[in-house]
Amino acid sequence: MQCRAKRNNGDEPMVMRRQATFMKCSTYLSAVLGVAMLAGGCSEGVDEPDGDGQSTPVELRFRMVDAQGQDFRCGETGLELAGLNDVTPNDARLYLHDFHLITTAGELVPVALDPSSEWQHEGVVLLDFEDATEGCEFVIFGRPQTAQTNALVRGVAESQGPFEGVTFRLGVPIELNHIEAQSAPAPLNVTGMEHGQSAGRQFIRVAFYQEAQVNSPSYHLLSFRSVCDEAVIEGQAPDDARDCLKPNRADYRLSSQGFDPGEAEILIDLGELFSGYDVSQAGDDAQGFNAEGRVDCFSPLHAGDLPGGEEQAASIGAERCGRFYNPLGLDYESGRPQQGVTQSVFRIAE
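Numbering of the sequence shown is given in the working numbering, commencing with residue -18 and proceeding in unit increments.
This is how it looks when you write it as structure tokens:
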């Protein structure tokens, strides 16, 4: 395990950076050392985690794929999404948080994420599959891509298992979601994923082109966030995500036989995420698309600047954005987990 101060990039004094890193690392090391104390017999008055009281390194690898299981990454061509077979990527990022391992007894063991990674902070991770090259160079709505990528969640669980799976939650927890990007720690300071202090972060951002339209305004876009415009009151976010109109934080529970938390690969299936759309059939009367026949979900409540007032905007928003909710395991009207609906976007690779 590495836990050290990162090199100063000039944005803040080195002393402040070292202090912040020390505090984060202390929390992480406390989790690891706490396990060692339990194993040494210092567990009086403490509820021991399930397993043998020792820790398990966690390295979960994520891979984003199209409808045929091909990698969704910058420069790829001939990908299949939303009824198209000539797709090339423009953007592919998402936030996840609240990771737990599932023991074979069905109990949950928290995963303490490694704070030395600039992609992780207080249980939140940013997965970034774009590198700002090829078709990913074009910037949509002023939300720039980055050259760095990350497909790994790294941490430690306070048990040796055995394990059969993992749970996690979509997005950013409300207490961190509405921090201003300029003052937020990485990875919450990524300007390409923020949507203003009131709206918070984009939980998922996926954009792509048909190959003939690369680096043009003719993109297809999903920008998925919580609907919590009333969140910031006198600079403070509400204590509970239930105060938001649509929290849009889905919970995921994945399991498989022989699950290994040190080597598991989890697929993010964009074919499933965009399964409600068939761009090849988009026409003047087609529902679910904008006037140009494109997938255009810039927020879960409405899409872009829509005329006709809030009622019409909400109606159009349901068409343009509502079809993403069931694959994510959410109800469009409430933005909460939907009973009887099984998510289909995340799965453990075979």
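Every residue gets a Cβ at the ideal spot worked out from N, C-alpha and C, and that includes glycine. This one's a predicted model, so the numbers in the text were calculated from it and none came from an experiment.
CB of residue i within 8 angstroms of CB of residue j, strictly
i: Val137; j: Pro228; result: no
i: Glu118; j: Asn196; result: yes
i: Leu107; j: Pro168; result: yes
i: Thr84; j: Ser140; result: yes
i: Arg135; j: Asp109; result: no
i: Ser325; j: Asp250; result: yes
i: Glu57; j: Ala48; result: no
i: Val260; j: His201; result: yes
i: Glu353; j: Asp67; result: Because the chain here runs from -18 to 331, residue 353 falls outside it and cannot be looked at.
i: His81; j: Gly104; result: no
i: Leu133; j: Glu192; result: no
i: Gly173; j: Pro125; result: yes
i: Glu156; j: Gln178; result: no
i: Arg328; j: Leu226; result: no
i: Pro318; j: Ser256; result: no
i: Tyr258; j: Gly64; result: yes
Span of the beta strand (DSSP E), counted from its first residue to its last, around residue i
i: Glu246; result: Glu246 to Asp250
i: Asn66; result: Leu65 to Thr84
i: Thr172; result: Counting along the chain, Thr172 falls outside any beta strand (DSSP E), and DSSP gives it neither H nor E.
i: Pro91; result: Leu89 to Leu94
i: Arg234; result: Asp232 to Ser236
Span of the alpha helix (DSSP H) around residue i
i: Asn158; result: Ile155 to Asn158
i: Leu62; result: Run containing Leu62: none in the alpha helix (DSSP H); it sits in the beta strand (DSSP E), Leu60 to Leu62.
i: Tyr190; result: Here Tyr190 belongs to no alpha helix (DSSP H); instead the beta strand (DSSP E) covers Gln183 to Gln191.
Buried versus exposed, by CB contacts within 10 Å (16 or more), residue i
i: Leu311; result: buried
i: Val92; result: buried
i: Ala245; result: buried
i: Phe240; result: buried
i: Val147; result: buried
i: Pro242; result: buried
i: Arg301; result: buried
i: Val120; result: exposed
i: Glu253; result: buried
i: Ala263; result: buried
i: Thr323; result: exposed
i: Thr69; result: buried
i: Pro198; result: exposed
i: Gly142; result: buried
i: Arg275; result: buried
i: Ala128; result: exposed
i: Ala188; result: buried
i: Phe149; result: buried
i: Gln183; result: buried
i: Gly181; result: buried
Beta bridge counterpart(s) of residue i as assigned by DSSP
i: Pro308; result: Note: Pro308 sits in no beta bridge, so no partner.
i: Ala162; result: According to DSSP, Ala162 bridges with nothing at all.
i: His201; result: Phe189
i: Phe327; result: Ile249
i: Leu41; result: Val134
i: Arg206; result: Gln183
i: Val46; result: Asp52 and Asp250
i: Asp277; result: Leu202
i: Pro318; result: Leu311
Which ranges does the alpha helix (DSSP H) cover as unbroken runs of at least 4 residues, wholly within the stretch 100 to 160, from first to last along the chain? 155 to 158
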